[in-house]
């Protein structure tokens with residue numbers, strides 16, 4: 001058997017693996033649960049990674065004893081060198097012959113390498129959110145991603161939390177709101193199976209599940225599309241949050257380069273971008289507003305990833321180990337939007 005490259009996209013919700021040859025042709029694929037070591041620990045993370053490799057070998061019709069030539073791990077929750085080494089050491093101790101070369105990186109690097117070898121922004125908004133500027137030398141700069149207690153602006157959880165907070169303030173008379181909130185109340189009560197706002201307390205303090213709470217976002221987006229004012233307002237604010245993330249990381253990137261940059265690619269990942277029609281106005285508002293600290297004129301092109309970032313993880317492993325840039329997989333994105341940022345006038 002020639003070159004066998006495995007690539008794993010390890011998210012905080014689920015994980016995917018692909019097996020490809022030296023030309024990035026797909027030989028096998030599989031899926032599994034999330035691998036975020038902050039949520040399950042290093043040991044369980046490694047167990048799940050090994051299970052994914054076993055599953056993809058079976059899917060490709062190969063012996064379970066097959067040793068991969070390369071294995072790339074693009075995982076959420078491995079932003080530091082120390083954490084990366086912990087995962088690699090634990091994996092080698094558990095299955096030393098799983099691959100001849102193993103490389104590990106942040107999941108945003110795997111995402112961008114699925115699409116391009118150039119600089120780009122990876123904007124993730126699912127249950128949580130984070131924004132990374134990934135450079136062609138494979139370094140990156142991060143904005144956000146501090147979890148639901150400290151950040152995750154513009155994420156599904158953030159949208160639900162802000163809707164609930166506004167609803168409660170309006171319900172209690174702590175803020176004025178010119179619109180009726182009956183529809184929002186019915187959506188909230190039905191989702192949580194409650195009859196009074198106090199029923200929310202057990203869902204947030206006794207039996208809390210961030211993932212379950214975030215699922216309400218879909219119901220709120222349906223209401224926003226039908227014109228419900230409170231939901232529409234919060235989704236626009238979520239778009240603004242994602243716009244702020246993009247602008248912040250773009251500002252850092254522009255301060256780092258001396259070469260002229262006219263276009264920036266933003267790869268958008270996560271379920272919240274299915275509601276781009278509701279986010280768009282807020283996002284455009286932030287990027288198009290006057291901002292002398294940005295001092296840049298150009299176009300931000302947004303695309304949605306239509307395949308797994310496991311391909312980028314595989315390409316990362318070969319590039320770092322052998323210095324070879326594998327071909328890009330075909331048809332990796334669909335166009336989402338573009339924003340023209342005007343020059344700042346004095």
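Residue numbers (the numbering used here): 1 to 346.
Glycine included, every Cβ here is placed at the ideal spot set by N, Cα and C.
So residue i is in the alpha helix (DSSP H); what residue range does that whole segment cover?
i	result
residue 101	Looking at the DSSP string, residue 101 is not in any alpha helix (DSSP H); the run it does join, the beta strand (DSSP E), is 99-106.
residue 213	210-214
Sort the options by Cα distance to residue i and report the nearest one.
i	options	result
residue 111	306, 335, 324, 322	306
residue 9	65, 235, 107	107
residue 145	27, 271, 245, 44	245
residue 27	105, 329, 143, 238	329
residue 163	126, 193, 216	216
residue 147	139, 32, 130, 140	130
residue 234	275, 121, 13, 335	275
residue 270	232, 321, 157	157
residue 179	230, 45, 49, 15	230
residue 48	133, 184, 268, 90	90
residue 213	324, 227, 248, 192	192
residue 219	232, 326, 4	232
residue 183	208, 227, 159	227
residue 13	2, 3, 38	38
residue 4	51, 62, 44, 40	62
residue 243	337, 117, 206, 172	337
residue 264	250, 149, 277	250
residue 332	205, 304, 325, 320	304
residue 52	75, 43, 17	17
residue 281	339, 153, 266, 335	339
residue 154	325, 320, 272	272
residue 109	327, 94, 240, 73	73
residue 50	93, 80, 76, 2	93
residue 42	71, 78, 15	78
residue 315	46, 80, 116, 277	116
Looking at the structure shown, is residue i part of a helix, part of a strand, or coil, going by DSSP?
i	result
residue 369	Beyond the ends of the chain as shown, which are 1 and 346, falls residue 369; an answer cannot be given.
residue 24	coil
residue 319	helix
residue 95	coil
residue 113	helix
residue 159	helix
residue 60	coil
residue 39	helix
residue 286	helix
residue 148	coil
residue 90	helix
residue 295	coil
What are the boundary residues of the beta strand (DSSP E) that residue i is part of?
i	result
residue 140	140-143
residue 74	68-75
residue 136	No beta strand (DSSP E) holds residue 136; DSSP gives it neither H nor E.
residue 301	298-305
residue 125	120-125
residue 340	333-341
residue 8	5-10
Please confirm whether any heavy atom of the ligand FMN lies closer than 7 Å to the CB of residue i.
i	result
residue 249	This structure simply doesn't include the ligand FMN, nor any ligand for that matter.
Does any C-beta atom of chain D lie closer than 8 Å to the C-beta of residue i?
i	result
residue 3	Included in the structure is just one protein chain, with no chain D present.
Item to check | Contact the region 215-228 vs the region 240-254: 3+ CB pairs below 8 Å | outcome: Too few Cβ pairs lie closer than 8 Å, so no.
Checklist entry - If you scan the region 165-205 from start to end, which runs of the beta strand (DSSP E) of 3 or more residues do you find wholly inside it? => result none
Checklist entry - Counting Cβ pairs, one atom from each stretch, are 3 or more of them under 8 Å apart for the region 19-34 and the region 79-97? => result No, the region 19-34 is not in contact with the region 79-97.
Checklist entry - Whole beta strand (DSSP E) runs in the region 223-276 with 3 or more residues, listed along the chain? => result 263-269
Item to check | Three CB pairs or more closer than 8 Å across the region 93-104 and the region 123-141 | outcome: No contact exists between the region 93-104 and the region 123-141.
Next on the checklist: Between the region 168-176 and the region 131-139, can you find at least three pairs of beta-carbon atoms closer than 8 Å?
Outcome noted: Touching, no, given that fewer than three Cβ pairs across the two stretches are closer than 8 Å.
Item to check | At least 3 beta-carbon pairs within less than 8 Å: the region 51-67 vs the region 29-36 | outcome: yes
Item to check | Cβ contact (3+ pairs, closer than 8 Å) linking the region 66-76 and the region 273-287 | outcome: Inter-segment contact for the region 66-76 and the region 273-287 is absent: fewer than three beta-carbon pairs are separated by less than 8 Å.
Next on the checklist: I'd like to know if the region 309-328 and the region 2-16 are in contact, where contact means that at least 3 CB-CB pairs between them fall below 8 Å.
Outcome noted: Here the region 309-328 lies against the region 2-16, with 3 or more beta-carbon pairs under 8 Å apart.
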